[in-house]
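Here's the structure, in structure tokens; my notes come after.
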Amino acid sequence: MADDDNRDFAIYQALKAVDEVAAALQTFLVEGHGADLDREAVQSTSTNSLTLLRQARERLGEGLRAIGADRISDSDGISLRNVRPK
């Protein structure tokens, strides 16, 4: 059981790291290249990249749900869930 928990935590950390990179790329495309977040926006290199990032983040979310990320995030010291507003 402990091995399963350790494996799930490692998977959780990897998925969260990739999701954070995708979020940073999404922000860069929007702020740095003026990509339009609207799903109906005119296609361009930036909006196509945003579509791919959206798809990737949806898959990451599925993976996180599959391993029970809500349960695991409680023990994640760097999770945004643990940040309290000031």
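Every number in this note's numbering is 77 more than the matching position in the sequence shown, counting from 1. Here a beta-carbon is modelled for each residue, glycine too, at the ideal position from N, C-alpha and C.
- CA-CA distance, Ala91 to Asp80, rounds to 17 Å.
- DSSP places Asp82 in the uninterrupted alpha helix (DSSP H) bounded by Ala79 to His110.
- For Ser123, the closest of Gly138, Arg131, Asp151 and Leu106 by C-alpha to C-alpha distance is Leu106.
- Non-local C-beta neighbours of Leu130 in its own chain, meaning closer than 7 Å and more than five positions away in sequence, comprise Ala99, Leu102 and Gln103, ordered along the chain.
- Shortest Cα-Cα distance from Ser126 to any of Leu114, Arg136 and Tyr89 involves Leu114.
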